[in-house]
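Note sheet for the following structure.
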Amino acid sequence: TTSTTALVATSGTLTSSLYVKATIASLLLSSACVAFSDVVADGIVVQRTRDAVDDPKIAGGLQSLCWGSAAIGGLLSAYFSGSLLEVMGPRQVF
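Mapping of the sequence shown onto our numbering: position 42 corresponds to residue 64, and the numbering continues sequentially without gaps.
Have a look at this one:
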């Protein structure tokens, strides 16, 4: 029974380690996706600003639109994740 207990303890550690690695990989991937989309959005803003040489107000307006959209998206996702947490519970959400 000692070897069975050791095997169960080892497999529990292995499963836990696998979850930690999967979590780290998921967080890394999601951060990379957010960084990539941010770079693409900034590139579009720069391109549109260069195309609109005769109207310098466009640059400030586009930058404000990008940051405002990101802020509203962050607030909405925080609100709905809180609602989801109330409905499902912390174990299912996280």
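Note that beta-carbon positions come from the ideal geometry of N, C-alpha and C, so glycine has one too.
- prompt: alpha helix (DSSP H) containing G111: first to last residue?
  reply: Taken as a continuous stretch (DSSP letters only), G111 belongs to no alpha helix (DSSP H), as it is neither H nor E.
field: Separation of S38 from I46, as counted between CA atoms
entry: 12 angstroms
query: Where G104 and A74 are concerned, what is the direct C-alpha to C-alpha distance, given to the nearest angstrom?
result: 41 angstroms
Where D8 falls: helix, strand or coil (DSSP): Examination of residue 8 is not possible in this model, given that the chain is present from 23 through 116 alone.
field: Straight-line gap, P112 to L50 (C-alpha atoms, nearest Å)
entry: 22 angstroms
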